[in-house]
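Chemist: As you go down the protein sequences, you meet chains U and V in turn. Residues in the first sequence are numbered consecutively from 20, following the working numbering. Residues in the second sequence are numbered consecutively from 175, following the working numbering. The beta carbon of each residue, even a glycine, is placed where N, CA and C say it ideally should be.
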Amino acid sequence: MNEFSFQLHATWVVAKKNAMVYYLKPPVFTFGLIFPFFFYLAFAAGHRAPPEALAPGIVAMALFFTASAVGPLVTPWERQARTYERLVTSPASLLAILAGDVLAGAAFGSVLVLLPLALVVLLTDANIAAVLPLAAGILIGAMAFAALGVLLAAPATEGPSQVMMLSNLVRLPLIFVSGVFVPLAEMPTWGQWLAPFSPLSYAADLIRIGFGEPGHWSPVVDTLTLAGFAAAFVFVALRLHERTRRQAR
Amino acid sequence: MNATAAIRADGLTRAFGDRLAVDAVSFDVAPGEIFGFLGPNGAGKSTTARMLTGFIPPTSGRALVNGIDVAQRTSAARRRIGVVPEEANVYADLSVWDNVMLMAELYGVDYPTRNQRARELLDRFELIPRCGQRGRELSKGLRQRLMLCMALVSGPEVLFLDEPTTGLDVASAHLIRDIVTDLNRQQGTTVFLTTHNMDEAEQLCHRVAIINQGRLAAIDTPAALRARVHARRSVEVRFAEALPRPATLVPELAELEVAMLADGFRAFTPEPGPLAQLIARRADEQHMHIESIATLAPTLEDVFLTITAKQAP
């Protein structure tokens, strides 16, 4: 096995480990779905918009919360459980470990989002008009959100609660500047200024196109930008982890 | 330095801010050697081990495993090593079997090999009946055995053990020592053992190094190190009845270092034979009944205490 194949295999093993240890638990499933559901209720209450108009937002938000739910906690949990040192002294490179974390989060988000997707298609008048942008929005969006989770896990801490605070501090505001429930063109000027800096904006845009609504950007721009966000998040996470290791005792 | 060293520390230095935790430490560990790394708390033992396994980079110097620079070719070096870090743990939510298989997969061991090795190791560590139990259900001793299985399932050429028996029950510690010895004898596995336990080091190690305040204070075989502290030879006397004050019994003892025991004392002298005869004669004159009397060679603990005391700030 050459080095590239070896690290690719290690990525798969780390993702499998994360799935077995951290993801396949009832609280994790419910956390990723309950949050978007209550956000939907909070927004829908008092609005006259039909449910199908909110379908892309529900799917985008469910994807965002599920794909980035556990990623921020994996490294702090590993540090706290004293499994981290052995993992990083294995032949798996730091990049392979982080890529495994991203892969697990993205797979979890992509699979779990099928539930709200099926519900909005079956229970509302929303229709999937373009499969490719929808699939790209879900798959590449999940990668970007999972990578954001991995980035949030990078600060050196053993305390999951500290990471959760940081995670919510970063993730929750993104909901309001990403055109999840209100199309970007209808958002206030400050929102339109901030929206391009959020990966959720591009995933929501692709999902909106998938449901047959007009997009704010072209699907190619959305896809490339999401991929760029994912790569940038992993790169910064890698640098932060390396810095932590340089300072470790 | 040995060209074919299994482990080479070449001027390894690690600074934390202004403080040098490890200061230009150099040594070689030969293939097939069990090498003990001893030192007081905070001396730099674990930091050195962490640099050798690539967990933390050295501030300067090099760590090599089988000639491979750990910092330059980290993955290649790590494929040759097994690690049981200090205070490490198993995955609490995975079964014993899954913990071992996970580690084998991370090291790229193919399915038939990892399956066979896992069975053999779990059998050897008496964990087969617990294969289906989750990590959280194991006692500390069983978890430590499992961690050794996880470190060995990749068939490492070099094994790093950081305080592997600290806090374990006697049976688990004994089993682990036996298996480490067997591994070394039968498969020629090189072992780098960080420990506080002098008996363990004396029992297992071909050579030991003592690190103190980040610097290598001594490195040699346990026997050669003991010979360096000739003055730490001693006479140990135990009495059947009331314990006399040593200097009352033998006034010459006032000049020597004497450690009191529950039923006797231990007096340190470079010439324990004549002193033992003197103590026996005086006890006889004073009608005191000696239960036992023995001349003792210095232990590794004596060596350790002598070296670290000399260098105390």
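In this structure, does DSSP put V:Thr-473 in helix, strand or coil?
Modeler: coil
Chemist: Please list, in chain order, all residues of the same chain as U:Leu-136 whose beta carbon is under 6 Å from its beta carbon, the five residues on each side excluded.
Modeler: Taking C-beta separations shorter than 6 Å and ignoring five residues to either side along the sequence, the partners of U:Leu-136 in its chain run Val-78, following chain order.
Chemist: I'd like to know if U:Ser-112 contacts chain V, where contact means its C-beta is closer than 9 Å to some C-beta of that chain.
Modeler: yes
Chemist: Do V:Asn-386 and V:Thr-482 have their beta-carbon atoms positioned less than 9 Å apart in this structure?
Modeler: yes
Chemist: Examine chain U for any beta-carbon lying closer than 9 Å to the beta-carbon of V:Ile-385, and answer yes or no.
Modeler: no
Chemist: Would U:His-260 pass as an interface residue toward chain V - the criterion being a Cβ-Cβ separation below 9 Å?
Modeler: So, not an interface residue.
Chemist: Whole angstroms are fine: how far does the CA of V:Leu-342 sit from the CA of V:Gly-259?
Modeler: The question names Gly, but residue 259 of chain V is Pro in the sequence shown. Each residue's Cα considered, the two are about 15 Å apart.
Chemist: Does DSSP classify V:Ser-328 as helix, strand or coil?
Modeler: coil
Chemist: What's the C-alpha gap between V:Asn-215 and V:Arg-400?
Modeler: 22 Å
Chemist: Which residues does DSSP pair with V:Phe-334 in a beta bridge?
Modeler: V:Val-257 and V:Phe-366
Chemist: Flag this pair as yes or no: are the beta carbons of V:Leu-238 and V:Ala-251 separated by less than 9 Å?
Modeler: yes
Chemist: Is it right to say U:Thr-49 is buried, meaning 16 or more other beta carbons lie within 10 angstroms of its own, or is it exposed?
Modeler: U:Thr-49 comes out exposed.
Chemist: Skipping 5 residues on each side, what residues in its chain have a beta carbon closer than 6 Å to that of V:Ala-421?
Modeler: Leu-427 and Ala-428
Chemist: Distance, Cα to Cα, U:Met-80 vs V:Ala-223?
Modeler: Each residue's Cα considered, the two are about 46 Å apart.
Chemist: In chain order, what residues of the region 98-128 of chain U put their CB closer than 7 Å to some CB of chain V?
Modeler: Ala-100, Arg-101, Thr-102, Glu-104, Arg-105, Val-107, Thr-108, Ser-109, Pro-110, Ala-111 and Ser-112
Chemist: Note down, in chain order, every chain V residue with its Cβ under 8 Å from the Cβ of U:Phe-23.
Modeler: In chain order: nothing, as chain V lies at least about 11 Å away.
Chemist: By how many angstroms is the C-alpha of U:Val-139 removed from the C-alpha of U:Leu-58?
Modeler: Residue identity check: residue 58 of chain U is Phe in the sequence provided, not Leu. Approximately 15 Å between the Cα atoms of the pair.
Chemist: Who are the Cβ neighbours of U:Leu-193 in its own chain at under 6 Å, not counting the five residues just before and after it?
Modeler: Ser-217 and Leu-219
Chemist: For U:Leu-167, which residues of its own chain have a beta-carbon under 7 Å away from its beta-carbon, when the five flanking residues on both sides are left out?
Modeler: So the qualifying residues of the chain are Ser-87, Pro-218 and Phe-252.
Chemist: For U:Leu-82 versus U:Ile-228, is the C-beta distance shorter than 9 Å?
Modeler: no
Chemist: Tell me, please, whether the CB atom of V:Tyr-285 is closer than 9 Å to any CB atom in chain U?
Modeler: no
Chemist: Using a 10 Å radius around the Cβ and a threshold of 16 neighbouring Cβ atoms, would you call U:Trp-96 buried or exposed?
Modeler: buried
Chemist: Rounded C-beta distance between U:Leu-188 and U:Ala-222? I'm assuming under 8 Å.
Modeler: That belief does not hold up - the Cβ atoms of U:Leu-188 and U:Ala-222 are roughly 20 Å apart, past 8 Å.
Chemist: By DSSP's criteria, V:Asn-386 is part of a beta bridge. Which residues make up the other side?
Modeler: V:Arg-389
Chemist: Provide the residue(s) that pair with V:Leu-194 in DSSP beta bridges, ordered along the chain.
Modeler: V:Ala-189
Chemist: If contacts are defined as beta-carbon pairs under 8 Å, then U:Glu-71 and U:Thr-143 qualify, I think. What distance do you get, rounded to the angstrom?
Modeler: 4 Å
Chemist: Would you please state the rounded distance, in angstroms, between the beta carbons of V:Leu-367 and V:Phe-211? I believe it to be under 8 Å.
Modeler: 7 Å
Chemist: Verify the CB distance criterion: does U:Val-93 have a CB-CB separation below 9 Å to chain V?
Modeler: no
Chemist: Assuming the contact rule is C-beta atoms closer than 8 Å, U:Gly-90 and U:Gly-124 should be a hit. Round their C-beta distance to whole Å, please.
Modeler: 4 Å
Chemist: Report the three-state DSSP secondary structure of U:Met-206 (helix, strand or coil).
Modeler: Coil, per DSSP.
Chemist: I believe V:Ala-183 touches V:Leu-226 by the beta-carbon criterion, under 8 Å. Please report the beta-carbon distance rounded to the nearest angstrom.
Modeler: 7 Å
Chemist: Checking contacts by CB at 9 Å: is V:Ser-249 closer than that to chain U?
Modeler: Interface residue (Cβ-Cβ distance to chain U less than 9 Å): V:Ser-249 is classified as such.
Chemist: Looking at chain U, is there any beta carbon in it that lies within less than 9 Å of the beta carbon of V:Phe-211?
Modeler: no
Chemist: Can you confirm whether U:Arg-190, when its beta carbon is compared against all beta carbons of chain V, has any partner nearer than 9 Å?
Modeler: Not closer than 9 Å to any Cβ of chain V, the Cβ of U:Arg-190 fails to qualify, so no.
Chemist: Just to check my reading of the structure: V:Leu-326 and V:Gly-256 have Cβ atoms closer than 8 Å, yes? What is that Cβ distance to the nearest angstrom?
Modeler: 6 Å
Chemist: Distance, Cα to Cα, V:Glu-294 vs V:Trp-271?
Modeler: 12 Å
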